[in-house]
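Quick note, the sequence shown lines up with residues 6 to 277 if you use the working numbering. Quick reminder that beta carbons are idealized off the backbone N, C-alpha and C, glycines included. None of the values given here were measured: they were computed from a predicted structure. Accompanying notes for the structure given below.
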Amino acid sequence: MTDQPSLTLNDGHNMPQIGLGVYQIPDDDTARVVQAAIDAGYRAVDTAALYGNEAGTGAGIRARTETIFVTSKLWRDDFGYDAALRGFDRSFEKLGLEWIDLFLLHWPFVELDQFVESWRALVRLQQDGRVRSIGVSNFTIDHLERIIHDTGVVPAVNQIELHPSFQQVELRAFHDENRIVTTSWSPLGQGAALEEPVLARIAEKHGKSPAQVVLRWHIESGLSVIPKSTRPERLAENIAIFDFALDAEDHAAIGTLDRRDGRIGPDPRTMA
Ligand code: NAD
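Okay, structure coming up:
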């Protein structure tokens, strides 16, 4: 296995730059996929209470001896200070690991208006020690500014939709100024992004697949990535990206794919 890069979070912990995303994998299949991913070289897994597969994720990790960085996320039903503490307890029990590496607020859920109190609960949980790092997901600059202003605690990570058709340049600049690591969800644009002729050309030039080019672009852009696949050959393909490099021309060409309307998931400003 080629050495994989990691990113240092603003709390001093390290996070592998590539991990497996397990959204939509049934719980009873997740342990198998997680073990296959670990065997293929993955050292991080991204799950969430919403995905219903924290138990399978934990079982897969426990079946191997490698140290795996695990992320989970708090869903809407568990927003609020006390509810968030209880929601974390449930995730912790289901995973069945000694600690959770990273725990995120899954969305701001603006209508609830409880993300600040929920964030305070995560701050408390980090002090207690069962979670090492805390962060958010799908937060805009406004949401980030609010929790930083109200609590003084800067999230270690903001996990956001990010792929060549939706590059989030402004939000990434805010993250960089505030030492927040960006994790790209749907890094392959759920597969659709891979059809771009520009990517096919770059892929051909390097003797790689379009998926590998896109994942390499995230890595070289300083982002962390959590591509999803359940197929062993794609698990292997998606992590075989540390033996080539894109050049400035490739980056410029991928830069042109960014579109204002390129979002494929919900808009965090309205997601209820
Ligand atoms: P993705 O961009 O990772 O795309 C996955 C799909 O792309 C697969 O289902 C498969 O159809 C295809 N694919 C994978 N590898 C391929 C390859 N090598 N060649 C061709 N096609 C390939 O999209 P995703 O699953 O939506 O996102 C990845 C992870 O991000 C999720 O599993 C989850 O962990 C996380 N996520 C988080 C949020 C959030 O709100 N925080 C939202 C969505 C997803």
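For residue i, which of helix, strand or coil comes out of DSSP?
i       : result
Arg-135 : coil
Asp-263 : coil
Val-159 : coil
Thr-3   : In the structure displayed, the chain extends from 6 to 277; residue 3 sits before or after that span and is not available.
Phe-108 : strand
Ser-123 : helix
His-256 : helix
Gly-24  : coil
His-18  : coil
Lys-210 : helix
Met-6   : Note that Met-6 scores 48 on pLDDT, short of 50, meaning its location in the model is unreliable; the coordinates nonetheless yield the value given after this. In this structure, Met-6 counts as coil in the three-state DSSP scheme.
Gln-173 : coil
Glu-201 : coil
Ile-73  : coil
Ile-153 : helix
Gly-57  : coil
Glu-238 : helix
Leu-79  : strand
Gly-140 : strand
Ile-165 : strand
Glu-116 : coil
Phe-249 : coil
Arg-129 : helix
Glu-300 : Not covered by the structure: residue 300. The range shown for the chain is 6 to 277.
Where do the N-terminal and C-terminal ends of the alpha helix (DSSP H) with residue i fall, by residue?
i       : result
Ala-49  : That residue, Ala-49, is in no alpha helix (DSSP H); its beta strand (DSSP E) goes 49-51.
Phe-93  : 86-100
Lys-233 : From DSSP, Lys-233 is part of no alpha helix (DSSP H); its letter is neither H nor E.
Leu-220 : 215-225
Gln-29  : Where Gln-29 is concerned, there is no enclosing alpha helix (DSSP H), given that its DSSP letter is neither H nor E.
Go through its chain and collect everything with a Cβ distance to residue i's Cβ below 6 Å, but skip five positions before and after it.
i       : result
Gly-92  : Leu-79 and Asp-83
Met-6   : Any reading at Met-6 must be qualified, since the residue scores a pLDDT of 48, below 50, and its modelled position is unreliable; no value is offered.
Thr-76  : Asp-51 and Leu-107
Leu-130 : Phe-93 and Val-136
Ile-139 : Phe-108, Leu-127 and Gln-131
Lys-99  : Glu-59 and Ala-60
Val-230 : Ile-23, Ser-189, Pro-192, Leu-220 and His-223
Once the 5 residues before and after residue i are set aside, which same chain residues still bring their CB inside 7 Å of it?
i       : result
Glu-242 : Ser-214, Ala-216 and Gln-217
Ile-146 : Leu-176 and Phe-179
Gly-270 : Glu-166 and Ser-191
Ile-5   : Outside the modelled stretch of the chain, which goes from 6 to 277, sits residue 5, for which no answer is possible.
Ser-234 : Leu-240 and Asn-243
Ile-30  : Val-38, Asn-58 and Thr-235
Pro-232 : Gly-26, Pro-192, Leu-193, Leu-220 and Asn-243
Ala-41  : Pro-237 and Leu-240
For residue i, which residues from the same chain have a beta carbon less than 8 Å from its beta carbon, with the 5 sequence-adjacent residues on both sides left out?
i       : result
Arg-184 : Asn-15 and Val-159
Glu-122 : Phe-84, Gly-85, Tyr-86 and Ala-89
How would you write the range of the beta strand (DSSP E) that residue i sits in, first residue to last?
i       : result
Thr-187 : 186-190
Leu-1   : Since the displayed the chain opens at 6 and closes at 277, residue 1 lies outside it and no answer follows.
Cβ of residue i less than 9 Å from any chain C Cβ?
i      : result
Asp-94 : Protein chain content of the structure displayed is limited to a single chain, and chain C is not contained in it.
The segment 219-229 touching the segment 270-277, judged by at least three CB pairs closer than 8 Å: With the cut-off at 8 Å, the segment 219-229 and the segment 270-277 do not touch.
Kindly confirm or deny that the segment 253-272 and the segment 229-242 touch, where touching means at least three C-beta pairs closer than 8 Å. Result no; under three Cβ-Cβ pairs closer than 8 Å.
Should the segment 149-164 be regarded as contacting the segment 194-202, the criterion being three or more beta carbon pairs within less than 8 Å? Between the segment 149-164 and the segment 194-202 there are fewer than three inter-stretch CB-CB distances shorter than 8 Å, so the stretches are not counted as touching.
Pair every Cβ in the segment 128-143 with every Cβ in the segment 95-114, then say whether three or more of these pairs are closer than 8 Å. Between the segment 128-143 and the segment 95-114, the count of C-beta pairs closer than 8 Å reaches three or more; the two stretches touch.
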